[in-house]
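Okay, so the sequence shown: first residue is 1 according to full-length UniProt numbering, each after it adds one.
By construction, the Cβ of each residue, glycine as well, lies at the ideal position given by its N, Cα and C atoms.
Predicted, not measured: the structure shown is a model, and the values here were computed from it.
Below is one structure, written out as structure tokens; the observations come after it.
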Amino acid sequence: MAREPLPIGTWGRISTRVERTDAKGKAVSYLSKANFRDHDGRVRDVTAFGKSKTAAERRLLEKLQDRARTNQSGQLTSMHKINHLLDLWEKRFEAMVADGTRSPTSLDTYRRALKNHIRPALGELRIGEATTPRLDTVLTKIKTRAGAPTAKTCRAILSGAMSLAVRYGATSVNPVREVDAIEAKPKNQPRALTAEEVTLLRTSLAADQRAVQADLPDLVTFMLGTGVRIGEALAVHWHQIDLDAGTVKITHTIARIPGEGLLRKTTKSRAGKRVLSLPRWAVSMLRARHAAGIRLDDPIFADTHGGYRDPSNTRRALRTALSPVGSTARRNLGLTLRALRRKARLTRKEVAAALGWPQTRIELIETGRIKVDHQLVVDLVKTYNITLDDSPTLEAETDAASQPAESDKLAWIRSHALRKTTATALDDAGHTARQIADQLGQAKVSITQDVYLGRRAANPAAAEALEHAFDDPDLI
Numbered sequence: 001m002a003r004e005p006l007p008i009g010t011w012g013r014i015s016t017r018v019e020r021t022d023a024k025g026k027a028v029s030y031l032s033k034a035n036f037r038d039h040d041g042r043v044r045d046v047t048a049f050g051k052s053k054t055a056a057e058r059r060l061l062e063k064l065q066d067r068a069r070t071n072q073s074g075q076l077t078s079m080h081k082i083n084h085l086l087d088l089w090e091k092r093f094e095a096m097v098a099d100g101t102r103s104p105t106s107l108d109t110y111r112r113a114l115k116n117h118i119r120p121a122l123g124e125l126r127i128g129e130a131t132t133p134r135l136d137t138v139l140t141k142i143k144t145r146a147g148a149p150t151a152k153t154c155r156a157i158l159s160g161a162m163s164l165a166v167r168y169g170a171t172s173v174n175p176v177r178e179v180d181a182i183e184a185k186p187k188n189q190p191r192a193l194t195a196e197e198v199t200l201l202r203t204s205l206a207a208d209q210r211a212v213q214a215d216l217p218d219l220v221t222f223m224l225g226t227g228v229r230i231g232e233a234l235a236v237h238w239h240q241i242d243l244d245a246g247t248v249k250i251t252h253t254i255a256r257i258p259g260e261g262l263l264r265k266t267t268k269s270r271a272g273k274r275v276l277s278l279p280r281w282a283v284s285m286l287r288a289r290h291a292a293g294i295r296l297d298d299p300i301f302a303d304t305h306g307g308y309r310d311p312s313n314t315r316r317a318l319r320t321a322l323s324p325v326g327s328t329a330r331r332n333l334g335l336t337l338r339a340l341r342r343k344a345r346l347t348r349k350e351v352a353a354a355l356g357w358p359q360t361r362i363e364l365i366e367t368g369r370i371k372v373d374h375q376l377v378v379d380l381v382k383t384y385n386i387t388l389d390d391s392p393t394l395e396a397e398t399d400a401a402s403q404p405a406e407s408d409k410l411a412w413i414r415s416h417a418l419r420k421t422t423a424t425a426l427d428d429a430g431h432t433a434r435q436i437a438d439q440l441g442q443a444k445v446s447i448t449q450d451v452y453l454g455r456r457a458a459n460p461a462a463a464e465a466l467e468h469a470f471d472d473p474d475l476i
């Protein structure tokens, strides 16, 4: 009966013999040899030398293990660790980024999920040990600890990696397919600005010196007039604007890639490349900027040095501007709290670290740009060794500052609300969901409908139709 062939990527029995002796006949070199079945199916001899039998066999074993790893371009086994599978998946994704079929920002997001969640939980397991119950348990823990959006990202990565394992022969089925879908409710329902809120927003930005210095009024006007993402707005060059025709070409976006800095890259999908018509008020704004003297290869919304602006920094500036000084009382309280912090010889960074707050929150409080309440001030001044109940003047300032202000109406707005506002305005004007999706640069109409269109009241014509359908006095 014929002997069973070696499995691909494995080796047979290791044999060792004396290769060389010295003048006295003492062995000074040993040769170890084994048959290795390569991944092309051929069996080849692999050898290694050593000064002792043990050293020769150890070196041969290392060579055999390295050969098994480096030659498995077309195959994995269920005994390989998941970390190795994830390495292969990450390299394939890097290649897709290099080809332009995937976004570098997506790669950055996936790398964070791999580092912080997937590798610590599953990396040392074998591929064959990645069962559906085990993966479901891990994803449930990630959802509890880090939130549903992070868990959805991890599930997508694991699904792609295990699909790769199926193609490479390490497993017969993808265990992630049977894991429950992760439902992530949006933090906020789609909400668009009303006409009154748009007017209040533009008036507030124009009156805010810091917002004007950050070039926010014109940027917000451009985003409302086009519905583009903030990164897309920052990537537009002057040569992409046709003021006579009133159009703009959207082809790129700005993204910050770790280790590479700011990049102007193509939009993440073909649907993102589009030519948009501009409303007259947006054209007027651009003409005013154009008259100041520009170069065609400059970005429209440049930084102070004429280069690209960082989308994250721009969002931060917009958040600050959309938390405007609410009242004199709020501003006075902020000045008092800043004086108390300085008296305690503490920096904003030190206070934020002590409270576990973002540092920007301390700045917003001290500049009167955030609505405060009694408990917030109690927690804050405690770090200054002050008790609010023992400070009647400070307590009175806190009560006055906690009163509502007109500017609080803007505090909920984020940059994506501008896209929702544009989408909802087009919806109200009778544009189809496909037309609105094309305006926003989205390939899937369902995303436009679910995320970007503000909900209307139920169909008013429904009541009239039902009246005619069931027009029976006895039912009344």
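Can you tell me the Cα-Cα spacing of residue i and residue j, whole angstroms?
| i | j | result |
| --- | --- | --- |
| V351 | H374 | 18 Å |
| I14 | V176 | 40 Å |
| R191 | A437 | 17 Å |
| H252 | T421 | 22 Å |
| L164 | L86 | 9 Å |
| K33 | L6 | 16 Å |
| Y401 | V377 | The residue asked about is misnamed: residue 401 is Ala in this sequence, not Tyr. When rounded, the distance between both Cα atoms is 11 Å. |
| K51 | A23 | 16 Å |
| G169 | S446 | 36 Å |
| R102 | L418 | 26 Å |
| T367 | E94 | 44 Å |
| T109 | D310 | 17 Å |
| D427 | A433 | 7 Å |
| Q240 | E183 | 40 Å |
| A354 | M285 | 45 Å |
| E19 | A27 | 8 Å |
| A423 | R134 | 42 Å |
| L388 | D399 | 11 Å |
| T77 | L60 | 22 Å |
| F49 | E129 | 37 Å |
| A429 | A255 | 33 Å |
For residue i, which residues of its own chain have a beta-carbon under 8 Å away from its beta-carbon, when the five flanking residues on both sides are left out?
| i | result |
| --- | --- |
| E397 | A329, N332, L333, T336 |
| E124 | K81, I82, N83 |
| K141 | A121 |
| R111 | E90 |
By Cβ distance, which residues of its chain are closer than 7 Å to residue i, with the 5 residues on each side in sequence left out?
| i | result |
| --- | --- |
| L410 | L200, L201, S204, L322, P324 |
| R44 | F36, D38 |
| G306 | D298 |
| D136 | V179, D180 |
| W89 | G160, A161, L164 |
| Q442 | A271, T448 |
| R287 | L243 |
| V283 | L243, G246 |
Give the C-beta separation of residue i and residue j to the nearest angstrom, bearing in mind that I take them to be a contact with Cβ-Cβ under 8 Å.
| i | j | result |
| --- | --- | --- |
| V138 | L122 | 6 Å |
| T171 | I230 | No, T171 and I230 are not in contact; Cβ-Cβ is about 42 Å, not under 8 Å. |
| T150 | H117 | 7 Å |
| L276 | Q439 | 7 Å |
| R341 | Y384 | 6 Å |
| R316 | D218 | Incorrect: roughly 18 Å between the Cβ atoms, too far for contact. |
| L216 | L364 | About 16 Å; that fails the 8 Å criterion. |
Within 10 angstroms of its Cβ, does residue i collect 16 or more other Cβ (buried), or is it exposed?
| i | result |
| --- | --- |
| A245 | exposed |
| S73 | Interpretation of S73 is limited by its pLDDT of 48, a score under 50 that renders its predicted location unreliable; the figure taken from the coordinates is listed afterwards. Looking at its Cβ environment, which holds fewer than 16 other Cβ atoms inside 10 Å, S73 is exposed. |
| V381 | buried |
| K371 | buried |
| R155 | buried |
| T194 | exposed |
| G227 | buried |
| P358 | exposed |
| T267 | buried |
| P392 | exposed |
| M223 | buried |
| E232 | buried |
| L296 | exposed |
| R3 | exposed |
| P415 | Reading the sequence as shown, one finds Ser at residue 415 and not Pro. Buried: at least 16 other Cβ atoms inside 10 Å. |
| R369 | buried |
| D208 | buried |
| P258 | exposed |
Starting from the C-beta of residue i, find all residues in its chain whose C-beta is less than 6 Å away, skip the five residues before and the five after it, and write them out in chain order.
| i | result |
| --- | --- |
| A68 | G9 |
| K249 | Q240, V275 |
| A211 | L205, A321 |
| N174 | M162, S163, V166 |
Please confirm whether residue i has its beta-carbon closer than 8 Å to some beta-carbon of chain D.
| i | result |
| --- | --- |
| D108 | Any reference to chain D falls outside this structure, which holds one protein chain only. |
Hey, would you say the C-beta of residue i is under 7 Å away from at least one heavy atom of the ligand NAP?
| i | result |
| --- | --- |
| G41 | Absence of the ligand NAP is noted for the structure shown, with no ligands found whatsoever. |
For the region 80–162, which segments carrying the alpha helix (DSSP H) assignment without a break, of at least 4 residues, lie completely within its bounds, in sequence order? Counting whole runs of 4 or more residues, the region 80–162 contains the alpha helix (DSSP H) stretches 82–99, 104–113, 119–122, 132–146.
Quick one: complete alpha helix (DSSP H) runs, 4+ long, within the region 245–316? As for any alpha helix (DSSP H) of minimum length 4 sitting wholly inside the region 245–316, the runs are 280–290, ordered along the chain.
For the region 391–450, list the alpha helix (DSSP H) runs that are entirely contained and at least 4 residues long, ordered along the chain. Here the runs fully enclosed are 392–401, 415–428, 433–440.
At 4 residues or longer, what runs of the alpha helix (DSSP H) sit wholly inside the region 190–244? List check, alpha helix (DSSP H) in window: 195–207, 209–213, 216–226, 230–235.
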